[in-house]
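Asks:
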């Protein structure tokens, strides 16, 4: 089974802090994704990566950056946390193929910015 | 208009009932379709892929109607354990990579 592991289930930070969310997958997947999920809005893509050191902006990249130095690890960084970044953050991975493959998700990190 | 729309529900049904959800999508470039299930405070998990010919997995049946641009999920003989949020997912092939998640339909199955 694919295992996607996020570093924290719950996290509380203060406004203005730099926040790091870590994600590791163990299936050698090329694609990795960061989403946030808010009530009534569904999952919104923040950034994704299809290879080491490669990154692409998703639908809502403002206020975030990412890092993929190793294939198995994809980090999401909140440069200066704000209260509107309080959300559930989900990491996912998938195989890179010509056709679409389903994404496998981590347990999620519930982040609160005070 | 959202690219993928679902009735948010909630759908409240008794055990043993049959329930159906629809999901509409707006982009005709949509190529692949999935239903995911998400339990409360948990991550989404793939329930099933949706094929043009329709597909069935036990009590679950998924259908795709490309002409009308919607997909459906039918659950027969509902169980208490089916209570969850069901997410419709559409993959677009527009020369770039795009996966769009619906906001989900909540289902409560009651004894």
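Protein chains in written order, with this note's numbering: chain A, 3 to 116; chain B, 1115 to 1225.
The beta carbon of each residue, even a glycine, is placed where N, CA and C say it ideally should be.
1. Report the residue from A:48, A:94, A:23 whose alpha carbon sits nearest the alpha carbon of residue 32 of chain A.
2. If we call anything under 7 Å between Cβ atoms a contact, is residue 82 of chain A one with residue 18 of chain A?
3. Among A:71, A:45, A:16, which has the Cα closest to the Cα of residue 25 of chain A?
4. Identify which residue in B:1190, B:1202, B:1198 has its Cα closest to the Cα of residue 1222 of chain B.
5. Could you round the C-beta distance between residue 1062 of chain B and residue 1178 of chain B to whole angstroms and report it? I think they count as a contact, below 8 Å.
6. So, is the C-beta of residue 104 of chain A closer than 7 Å to a C-beta in chain B?
7. Smallest Cα separation from residue 66 of chain A: which of A:104, A:47, A:12?
8. Can a CB atom of chain B be found closer than 7 Å to the CB of residue 53 of chain A?
9. Label residue 1134 of chain B either buried or exposed according to how many other C-beta atoms from any shown protein chain fall within 10 Å of its C-beta, with 16 as the threshold for buried.
10. Do we get a CB-CB distance below 7 Å when we pair residue 107 of chain A with the residues of chain B?
11. Can you tell me where the beta strand (DSSP E) with residue 63 of chain A in it begins and where it stops?
12. Under a CB-based cut-off of 7 Å, is residue 1123 of chain B close to chain A?
13. In three-state terms, what does DSSP make of residue 114 of chain A?
14. Who are the Cβ neighbours of residue 1139 of chain B in its own chain at under 6 Å, not counting the five residues just before and after it?
15. For a cutoff of 7 Å on Cβ pairs, would you count residue 80 of chain A as touching chain B?
16. Alpha carbons only, please: which of B:1218, B:1185, B:1190, B:1217 is nearest the one belonging to residue 1146 of chain B?
Replies: This is what the structure gives:
1. Here residue 32 of chain A corresponds to residue number 30 of the first chain, with the count starting at 1. Nearest Cα to residue 32 of chain A within the set A:48, A:94, A:23: A:94.
2. Residue mapping note: residue 82 of chain A aligns to position 80 of the first chain, counting from 1. Residue mapping note: residue 18 of chain A aligns to position 16 of the first chain, counting from 1. Their beta carbons are under 7 Å apart, which means residue 82 of chain A touches residue 18 of chain A by this criterion.
3. Taking the first chain and counting its residues from 1, the one referred to as residue 25 of chain A is at position 23. Of the residues A:71, A:45, A:16, the one whose Cα lies closest to the Cα of residue 25 of chain A is A:71.
4. Indexing the second chain from 1 puts residue 1222 of chain B at position 108. Selected option, being the one with the closest Cα: B:1198.
5. The first residue shown for chain B is 1115 and the last is 1225, placing residue 1062 of chain B beyond what the model contains.
6. Taking the first chain and counting its residues from 1, the one referred to as residue 104 of chain A is at position 102. Interface flag for residue 104 of chain A against chain B is set, since a Cβ pair is found closer than 7 Å.
7. What you label residue 66 of chain A is simply residue 64 of the first chain in a count that begins at 1. The alpha carbon of residue 66 of chain A has as its nearest neighbour, out of A:104, A:47, A:12, the alpha carbon of A:47.
8. As a first step, residue 53 of chain A must be located in the first chain, where it is residue number 51. No, residue 53 of chain A lies away from the interface with chain B (no Cβ there is under 7 Å from its Cβ).
9. In the second chain, the residue the question calls residue 1134 of chain B occupies position 20. Exposed, by the Cβ-count rule.
10. Taking the first chain and counting its residues from 1, one reaches residue 107 of chain A at position 105. At least one chain B Cβ lies under 7 Å of residue 107 of chain A.
11. As a working mapping, residue 63 of chain A is identified with position 61 in the first chain. For residue 63 of chain A, no beta strand (DSSP E) encloses it, and the DSSP letter there is neither H nor E.
12. For this step, residue 1123 of chain B is matched to residue 9 along the second chain. No - not a single Cβ of chain A is within 7 Å of the one on residue 1123 of chain B.
13. For the purposes of this step, residue 114 of chain A is taken as the residue at position 112 of the first chain. Correct three-state label for residue 114 of chain A: strand.
14. Against the second chain, residue 1139 of chain B aligns to sequence position 25. Cβ contact annotation for residue 1139 of chain B (same chain, cutoff 6 Å, sequence separation greater than five): 1118, 1183, 1204, in chain order.
15. Along the first chain, one-based indexing puts residue 80 of chain A at 78. False, the Cβ-Cβ gap to chain B never drops below 7 Å.
16. For the purposes of this step, residue 1146 of chain B is identified with residue 32 of the second chain, where counting begins at 1. Comparing Cα positions, the closest option is B:1185.
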